[in-house]
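So the sequence lines, in the order shown, correspond to chains A and B. Heads up: the first sequence at position 158 corresponds to 163 in my numbering, and the numbers run straight through without jumps. Heads up: the second sequence at position 231 corresponds to 235 in my numbering, and the numbers run straight through without jumps. Below: one structure, written as structure tokens.
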Amino acid sequence: MRERLSFYIQRHSPIHRLNPFTKLTLAFALVLISFFSPWYWTALCLILLVIFPLAIIGRVGREFFAAALRLLVPVTGFIFLMQSLFLPGGETVLFRFWFLRVTLESVARAFLISMRIFGMVSSFILFLLTTHPSELMTDLTRRGLPGTVAYVIISTLQILPQMQAKAQTIIAAQRSRGLAVEGSFIRRVRALVPLVGPLVFGSLVEVEERAIAIEARAFSATGPKTSYREIDDTPFDRTVRWLMVALVVLSLAARFFG
Amino acid sequence: MVIVDLQHVTYRYPMTEQSALEDVSLHIEEGEFVAVIGPNGAGKSTLCYTVAGFIPHFFKGELEGTVEVAGVESRQASLEQRVRSVGLVFQNPFNQISGAKYTVFEEIAFGLENLGVSRAEMPARVEQVMALTGITDLAERSPYALSGGQQQRVALASILVMEPKVLVLDEPTSQLDPVGTREVFGVIRNMALRGMTVLMVEHKLEWVAAFADRVIALENGRILAEGTPAEVLTDERLLEHHFGFSRYTLAAREGRKEALWPPDRRLPVTLDEAETGFREGLRRP
């Protein structure tokens, strides 16, 4: 079975040591600033001068750039192409092709949009690579997130790969009985029915057992709970968070009053 | 001292006509090991849920009679009280993994967190049950990346760490391979030797004979037979009601027809008893 169930990569780095809530704030702040800021090059600068260096400081550079290359470059490349071709308006025509008219303005706008998306996704990739899901949930629970919500999120993260494995088993079982899962689109869709049935109904039956299992461990006990994991929240963390809030407010202000 | 006391318990699941338990009375002494056998649908799991308080707190339906565990009526018991008095482990090891934790160590500590046990107390308690269940070297592994036998021992440890007074085991090895089965029974034997009160549903009669002080045969929600393993596991009524016998009992029963088994000797339930009996039978003229 697979050991690795999340994006998280365990390393020792200053980024890993940050409080998970600080990292979450940082990720959101980077996204908001790149969207709010009136300055055209903000998103690109944040990517090159903040996100990339943080990935290297966090010692997840290799994994970060691999994910960026495999996922982000194709996606943002496609968005850039589509937006440049189809965004209406603009005076400075760069070239015409069939019925398409590519202008300098549409290219500039497409570049801005794709950089913002690149920044948004890459800052969350960085967040996921350096934050242990358990630590995030423990910290958020301590800050007032209901325990049930945290449980639903974290157990879903863990159970998804298990469901995937089970789906593979069911597919193999149905194929060994002669179910055709390859071929035309219609045939593939029809092949889903004998897969989804056992998977969904099987999971529903399991839900009851799982509920009993966690109740047997006092999950819905009403008394105060404790946590084995201890999560540091240093003055530095608080400073970073307030700084981020300030920067978001500043970029918003710059947009409306600048 | 009686620690589990069921008096005339009748229970019907919601939306069903037939009672899953019918006038069941059961008393378990502290430190006693009671095994429950019975065919599918006999009410074995229902009995486990009743003793553990999941009936009536988790499953609704109609419960008659009284259920007292460690002196507390289960209808009045809070979840904390119930968890601290009865630990429940069931068949499927995979479904007992909480999914909330990424290491075996934290998985075991999950119950302690929910009970509000102080953080300082946790490591010692978790390490102790890991040693007891033989999973110390798995502490940092993901609870999902384990074999069935290992997972079931994690499930056992996760319950034992809360120090329940009674351990209820619902077919704890039915989904395990022979190696996993031996590992889990090894832990259960350890617990029994330490004086833990155990109620175990189990199909593997050889193990029942080896462990139990008392055996209860359930059928259609009623107690069919009750007594020592030697009495119950050789009771001819078990064959009539399709419970089956262990291979040792069956072999001796056949042997008796061929005069290989001493006619005045009762049928064996363990390997040792079978061996002694057959040796004696073969020595006779």
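Where a beta carbon is used, it is the ideal one built from N, C-alpha and C, also for glycine.
- For a Cβ distance threshold of 9 Å, nothing in chain A lies close to R16/B: the least Cβ distance comes to about 18 Å.
- Residue burial is scored here from C-beta neighbours: W211/B has at least 16 other C-beta atoms within 10 angstroms and is therefore classed as buried.
- Listed along chain A, no residue sits closer than 8 Å to I59/B by beta-carbon distance, the nearest being about 11 Å off.
- Counting only residues of its own chain and dropping the five nearest sequence neighbours on each side, F189/B has a CB closer than 7 Å to the CB of T177, W211.
- Assignment of Q11/B by DSSP, reduced to helix, strand and coil, places it in the strand class.
- One alpha carbon belongs to H137/A, the other to K105/B, and they sit about 11 Å apart.
- From the beta-carbon of E68/B, no residue of chain A is found nearer than 7 Å; the closest lies around 22 Å away.
- Taking 7 Å as the upper bound on Cβ-Cβ separation, chain A lies near residues G120, V121, S122, R123, M126, S146, Y148, A149 of the stretch 120–153 of chain B.
- The C-beta of V87/B comes closer than 8 Å to at least one C-beta of chain A.
- Contact of Q156/B with chain A is not assigned, every C-beta pair being separated by 8 Å or more.
- L242/B is positioned such that its CB atom lies no closer than 8 Å to that of V191/B.
- E167/B sits in coil when the DSSP states are folded into three classes, being neither helix nor strand.
- One Cα belongs to R215/A, the other to R147/A, and the distance between them is close to 24 Å.
- Rounded to whole angstroms, the gap between the alpha carbons of T201/B and L136/B is 16 Å.
- Nearest Cα to W103/A within the set V112/A, F91/A, A113/A: F91/A.
- F116/A and V126/A have their C-alpha atoms spaced approximately 15 Å apart.
- Look at the stretch 83–108 of chain B: the residues with a C-beta under 9 Å from a C-beta of chain A are L83, E84, R86, V87, R88, V90, G91, L92, V93, F94, Q95, N96, F98, N99, Q100, I101, S102, G103, A104, K105, Y106, T107.
- Taking C-beta separations shorter than 6 Å and ignoring five residues to either side along the sequence, the partners of L105/A in its chain run L90, following chain order.
- For I192/B, no CB of chain A lies under 8 Å from its own CB, so it is not counted at the interface with that chain.
- Between P147/B and Q156/B, the C-beta spacing is not below 8 Å.
- Taking 8 Å as the cut-off, the beta carbon of V112/A is found no closer than this to the beta carbon of L133/A.
- For the set R88/B, T107/B, V93/B, G138/B, the Cα lying nearest the Cα of N118/B is the one of R88/B.
- Residue contact check for K28/A against chain B: no CB pair falls below 8 Å.
- A distance below 7 Å between beta-carbons, with the five flanking residues on each side excluded, links E68/A to the following residues of its chain, in chain order: I14, L134.
- Look at S78/B here: in three-state DSSP terms it is coil, with no helix or strand label.
- Residue burial is scored here from C-beta neighbours: D276/B has fewer than 16 other C-beta atoms within 10 angstroms and is therefore classed as exposed.
- About 6 Å separates the Cβ atoms of V236/B and A221/B, confirming a contact at the 8 Å cut-off.
- V65/A sits in coil when the DSSP states are folded into three classes, being neither helix nor strand.
- Within the same chain, Cβ atoms closer than 6 Å to the Cβ of F94/B are found at D174, the five residues on either side in sequence being excluded.
- Where L116/B is concerned, the enclosing alpha helix (DSSP H) starts and stops at 108–119.
- Here L109/A is actually not in contact with A60/A; their C-beta atoms are around 32 Å apart, not less than 8 Å.
- Nearest CB-CB separation between A113/B and chain A: below the 8 Å threshold.
- Counting only runs of at least 4 residues, the stretch 132–209 of chain A fully encloses the following alpha helix (DSSP H) elements, listed from N- to C-terminal order: 138–147, 152–181.
- Closer than 8 Å to the CB of G207/A there is not a single CB belonging to chain B.
- Residue pairing by DSSP places M204/B opposite A39/B, L173/B in a beta bridge.
- For R79/B and V71/B, the gap between their C-alpha atoms comes out near 8 Å.
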